[in-house]
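*Asks:* Structure below; questions to follow.
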Amino acid sequence: MSEPKENVLMEKIVSLCKRRGFVFQSSEIYGGINGFWDYGPLGAELKRNVKELWWSGMTRLRDDVVGLEATIIMAPQIWKASGHVDTFCDPMCDCLLTKKRFRADQIEPQSGVAYFFTGAKDATSGKQSNDAFSVLLPAGKPPESARKTATQFYQQRGLATVELLGERSEKVENSQRYNPENGAQLTEPRPFNLMLQTFVGPIQSDDNVAYLRPETAQAIFAQFKNVLETSRQKLPFGIAQTGKAFRNEVTPRNFTFRSREFEQMELEFFIKPDEAVEAILGSVATVPETGHPGEPQPNWGWQAWHQYWVEERVRFYEGIGLSRETLGFHRQSAEELAHYARACVDILYKFPFSKRNEQGELLGEELEGIAARSDFDLSQHERFSGKTMGVFDEELRTAWSKLNDVKKQSISERYYQARLKYLTKSGVETAKAEKDAKEDAEGLAKGQYIPHVIEPSAGVDRLILALIANAYSEVTTTDDKGKSETRVVMKFHPRVAPIKVGVFPLLKNKPELVAKAKEVFTSLRGHMMAFYDDAGAIGRRYARQDEAGTPFCVTIDFDTLGEKPELLNTVTIRHRDDGKQERLPLTELLGWLQARIR
Ligand code: GAP
């Protein structure tokens, strides 16, 4: 078996996705639309399996998480409160020559000689442009090339016979100010809001602007109180949601990795503030920064819950075939963290297009971020909506009355300081912030607080791409005549594989084999995604299923019909990954398969 090189590998993956119906370009017949992708028959099954596993693992198999299915368009005030209207921006710049748009922070730094021009004059008409312009050339390239680019720039400004003015040159190191494709100067970076806008109702005015949600999370915060009141949950508990999100990415790239329409799987897990835990239980548990901290405990504060969710999410990825070695981890530094966040760990997957470190090892790209977001989100919605987002905790109220004064004072002070920091950082004027923080600290003593949140936020499409890249393998076989053939085998974990089982009659022209095979197929398809195939030689049928990633294929042969009486009503099962076959009574087939795909 040979492993192809990375870029070639990505090309092969993209081509397989189209050829086998995993992923298609959206609106392909019209030339496509950048940043939008459709899932074909196999991709749709794969995606469904992933979302179903996430949903059941998060909600149905847990006592402490419930689900939500909210609308994509919500009241625009939500995005004001969340900060998206004001700050959800990427720095963007345009090429002064071609107008091509770039994300300023993603431009490869370049070095060379920059040629500056203060302007240009039209040699015939005498018309002058005083627009300054510069061009970066790699070291050693003749200056004539810079002059040619500059001439084009001034021609676009209406000069016919360009005479360049004020030329000078300078060495430049690691600059992100030039178009990597033609060396032309870029505009200054400016913020570009990533939210896609629309209008609600028949009038297209500023009053009717609405946004396609850029994340599913905000609906969970907005509905927090309704869910709490209707679900009989008590803190700590979570609300899970999957669904579409939209971002007008400046440069969509790497196939589906950065798209403009994508799906998220988000959990907001609400916990008591550490001060409440300490008041109730005397202290807050400390856990190591790595490794699973075990079953949740009542004395867990944000740090233990955060670590717990990082590890739970890694277990999820391992459970669908992404081993720890294929993943990377990035713990955000204090400078990277948002002012309200306590910690954030990104789980990365080592994609073929990921950057490499100095040792040549793949570093990985973000699949999911697990953030400890303090009480920021609910506090923001409380301030902007004027509706209380706090909870009343009877246990805290009772415990508080039993604390000694020193402890009360110490916990109150810390809570006051945390609230004051949030309020002042959120722009509340100092006197009001101090007054509100004091009230919040007094509320704590009465058993009231705004819950904190741990947020594991994953992207479905990135995970699908990771699963496809991870599954892709090539097998080369050589026949008796020395002719070799390379085939693709998609080694999906059976839990996520789009098709779980292929069912084949050994021969298509034997009605009794076909009838039996159809009977077996019908008995399985109500329980799992099964695929019936009687076209071509059995080897070709196996190969087709290998390429689709089907983990098991069942063949009905003459022994199934009783040619060897002891094998009556048995079938062969062929394993995708090693080609091994085994024989099984039909009565055991369903249970055998179910045990392996769940
Ligand atoms: N509520 C938090 C939040 O939305 P994020 O890091 O911006 O955090 C979470 O997004 C996840 O959504 C990412 O880890 C990624 O998997 C996915 N995601 C974000 N932008 C994406 C894009 N343009 N295309 C595909 N997936 C994206």
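Quick note on numbering: this note's numbering labels position 416 of the sequence shown as 397, and the sequence is numbered without any gaps.
The beta carbon of each residue, even a glycine, is placed where N, CA and C say it ideally should be.
1. DSSP state of TYR159, grouped into three classes?
2. Would you identify the three-state DSSP class for ASN490, choosing helix, strand or coil?
3. Would GLU169 and ILE261 be called neighbours here (beta carbons separated by less than 8 Å)?
4. For the pair the segment 424 to 438 and the segment 248 to 256, tell me if three or more CB-CB distances fall below 8 Å.
5. By a C-beta neighbour count over all protein chains shown, 10 Å radius and 16 as the cutoff for buried, is GLU346 buried or exposed?
6. Counting C-beta neighbours from all protein chains within 10 Å, is the total for TYR11 16 or more, i.e. buried, or is it exposed?
7. Note down the Cα distance separating LEU494 from VAL470, rounded to an integer number of angstroms.
8. Restricting to Cα atoms, I'd like to know which of LYS80, TYR135, GLN137, THR142 is closest to SER106.
9. Quick one: residues in its chain with C-beta nearer than 7 Å to the C-beta of ALA285, no 5 flanking neighbours on either side, listed in chain order?
10. Let's test the definition: count the other Cβ atoms within 10 Å of the Cβ of PRO486 and tell me whether it reaches 16, buried, or not, exposed.
11. Which residues bound the beta strand (DSSP E) around TRP281?
12. Tell me whether HIS362 sits in a helix, a strand or coil according to DSSP, three-state version.
13. Taking 7 Å as the cut-off, is the C-beta of ARG194 nearer than that to any heavy atom in the ligand GAP?
14. Taking the beta carbon of ALA315 as the centre, do at least 16 other beta carbons fall within 10 Å, making it buried, or is it exposed?
15. For GLU(-16), which three-state DSSP category applies?
16. Please go through the same chain and pick out, in chain order, the residues whose beta-carbon is closer than 6 Å to the beta-carbon of THR457, but skip the five residues on each side of it.
17. Does DSSP put PRO72 in a helix, a strand or coil?
18. Please classify ALA113 as buried or exposed, where buried requires at least 16 other C-beta atoms within 10 Å of its C-beta.
19. For PHE205, which three-state DSSP category applies?
20. Find the nearest neighbour of ASP327 within the set GLY350, GLY16, LEU318, judged by alpha-carbon distance.
21. Go through its chain and collect everything with a Cβ distance to ARG378's Cβ below 7 Å, but skip five positions before and after it.
22. From which residue to which residue does the alpha helix (DSSP H) around GLY24 run?
23. In whole angstroms, what separates the C-alpha of LYS388 from that of PRO183?
24. Roughly how many angstroms lie between the CA atoms of GLU(-16) and ALA450, to the nearest whole one?
25. For a test of your reading of the model: does the CB of GLU247 fall under 7 Å from any non-hydrogen atom of the ligand GAP? Yes or no.
26. Would you check if the distance between the CB atom of GLU230 and the CB atom of GLY16 is smaller than 8 Å?
27. Report whether the distance from the Cβ of PHE243 to the nearest heavy atom of the ligand GAP is below 7 Å.
28. Determine whether the beta carbon atoms of ALA414 and THR405 lie at a separation below 8 Å.
29. The ligand GAP and GLY219: does any heavy atom of the ligand fall closer than 7 Å to the residue's C-beta?
30. For PRO161, I'd like the list of residues in its chain whose CB is within less than 7 Å of its CB, leaving aside the five on either flank, ordered along the chain.
31. Can you give me the Cβ contacts of LEU344 inside the same chain, cut-off strictly under 8 Å, excluding the 5 residues immediately before and after it?
32. Tell me which same chain residues have a C-beta within less than 8 Å of the C-beta of GLN136, skipping the five on either side of it?
33. When DSSP labels each residue in this structure, what does THR211 get in the three-state scheme?
34. Could you tell me which of ASN385, TYR453, ASN490 sits nearest to GLU(-8), measuring between CA atoms?
35. Does DSSP put ASN174 in a helix, a strand or coil?
36. How would you write the range of the alpha helix (DSSP H) that GLU375 sits in, first residue to last?
*Replies:* The relevant details are as follows:
1. The answer is strand: DSSP assigns TYR159 an E or B state.
2. Reduced to three states, the DSSP call for ASN490 is coil.
3. Taking 8 Å as the Cβ cut-off, GLU169 and ILE261 do not qualify as a contacting pair.
4. Verdict: yes, contact present.
5. Buried, by the Cβ-count rule.
6. The residue is exposed, with fewer than 16 neighbouring Cβ atoms inside 10 Å.
7. Computed Cα separation, rounded: 27 Å.
8. Taking the Cα of SER106 as reference, the smallest distance to any Cα among LYS80, TYR135, GLN137, THR142 is reached at THR142.
9. Closer than 7 Å at the Cβ level, and outside the excluded window around ALA285, lie ALA266, VAL268, PRO274.
10. Buried: at least 16 other Cβ atoms inside 10 Å.
11. Per DSSP, TRP281 belongs to no beta strand (DSSP E) and is neither H nor E.
12. Residue state, collapsed to three classes: helix.
13. Because no heavy atom of the ligand GAP lies under 7 Å away, the Cβ of ARG194 does not count as near it: no.
14. That one is exposed.
15. Low confidence applies here, because GLU(-16) scores a pLDDT of 46, under 50, leaving its location unreliable; read the following figure in that light. Three-state result, GLU(-16): coil.
16. The answer, listed in chain order, is SER465, THR467.
17. Strand at PRO72.
18. Exposed: under 16 other Cβ atoms inside 10 Å.
19. In the three-state reduction of the DSSP assignment, PHE205 falls in the helix class.
20. Nearest to ASP327 by C-alpha distance, out of GLY350, GLY16, LEU318, is GLY350.
21. Correct list, in chain order: LYS427, GLY428.
22. First-last of the alpha helix (DSSP H) with GLY24: 22 to 36.
23. Between LYS388 and PRO183, the C-alpha separation is close to 59 Å.
24. Summary for GLU(-16): the model assigns pLDDT 46, below 50, so the residue's position carries little reliability; its value from the coordinates is reported in the next sentence. Looking at the two C-alpha atoms, the distance is approximately 12 Å.
25. Because some heavy atom of the ligand GAP lies under 7 Å away, the Cβ of GLU247 counts as near it: yes.
26. Going by C-beta atoms, GLU230 is nearer than 8 Å to GLY16.
27. At least one heavy atom of the ligand GAP is nearer than 7 Å to the Cβ of PHE243, so yes.
28. Yes, the pair counts as a contact, with Cβ atoms nearer than the cut-off.
29. Outside the cutoff, so no.
30. Taken in chain order, the residues that qualify are ILE88, GLU89, GLN91.
31. Cβ neighbours of LEU344 within its own chain (closer than 8 Å, five residues either side excluded): GLY309, LEU329, LYS331, SER335, LYS336, ARG337, ASN338.
32. For GLN136, same chain residues with a beta-carbon under 8 Å away, outside a window of 5 residues either side, are VAL143 in chain order.
33. Look at THR211 here: in three-state DSSP terms it is helix.
34. When ASN385, TYR453, ASN490 are compared, the shortest CA-CA separation from GLU(-8) is found for TYR453.
35. Judged by DSSP in its simplified three-state form, ASN174 adopts strand.
36. Boundaries of the alpha helix (DSSP H) harbouring GLU375: 375 to 382, taken from the DSSP string.
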